[in-house]
Amino acid sequence: MHQSPSRLTSIVAASDNESQISLADRPFDIVFFGLITKRRRFLLAESEKYMAAHPYSSVLVMKTRPREISYMINAYKKAKVCIIAHSYSNVSGGEYHRLTEFAEFGCIPVMEDFSDKIGINQYRQCAYSFFAKQDNLFKTAEDVFTLINAGKIGSDFSHVQWWKEGIAWEKILSNLD
10 MHQSPSRLTS IVAASDNESQ ISLADRPFDI VFFGLITKRR RFLLAESEKY
60 MAAHPYSSVL VMKTRPREIS YMINAYKKAK VCIIAHSYSN VSGGEYHRLT
110 EFAEFGCIPV MEDFSDKIGI NQYRQCAYSF FAKQDNLFKT AEDVFTLINA
160 GKIGSDFSHV QWWKEGIAWE KILSNLD
């Protein structure tokens, strides 16, 4: 993975001075933007089940629409958790380009497990990333809400600062077992 600039960067720069909304106060529980492939259709079903169990919550699972970038930015800014699910197979590297899109907005990443294990511990420690099997993403998101509400993660937004400073891959790769 490389930390390339997000397609949202120019718009983010314009809103950089805005303060982050605390995670506990954000109106969206879960947000996902991406192509709704056959494999990702489970997100729609999981979203419906979650909303039925939590009627006062808000979940947004949508196809990416390049012309609606400001809509995506607004949703990411107001999300507690942003989900990453693989489009075709989890026997692949991580879909880090999604992380690049939303990391600066402070939502906590809940990512589907994948076969490439390089850097996962750093993502857990520094980016507050959580990893789960495909059918456990929403349950893991609920566990994250418990941690957020208890003030155990995300209140200082250090994960956003870590991302903005840039990933020091040479340090991470030299520390691998």
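Terminal number for the sequence shown in this note's numbering: 186, no gaps in between.
Where a beta carbon is used, it is the ideal one built from N, C-alpha and C, also for glycine.
Sequence-distant Cβ neighbours of L156 in its own chain, meaning closer than 6 Å and more than five residues away, are I162. Looking only at S66, K86, L52 and K126, the smallest Cα-Cα distance to I93 is reached by L52.
8 Å or more divides the Cβ of C135 from the Cβ of Y85. Beta-bridge analysis with DSSP links M120 to I93 and F140. Rounded to the nearest whole angstrom, the CA to CA distance from H95 to T73 is 14 Å.
Rounded to the nearest whole angstrom, the C-alpha separation of A54 and M60 is 10 Å.
About 22 Å separates the beta carbon of A88 from that of R48, a gap too long to meet the 8 Å contact definition.
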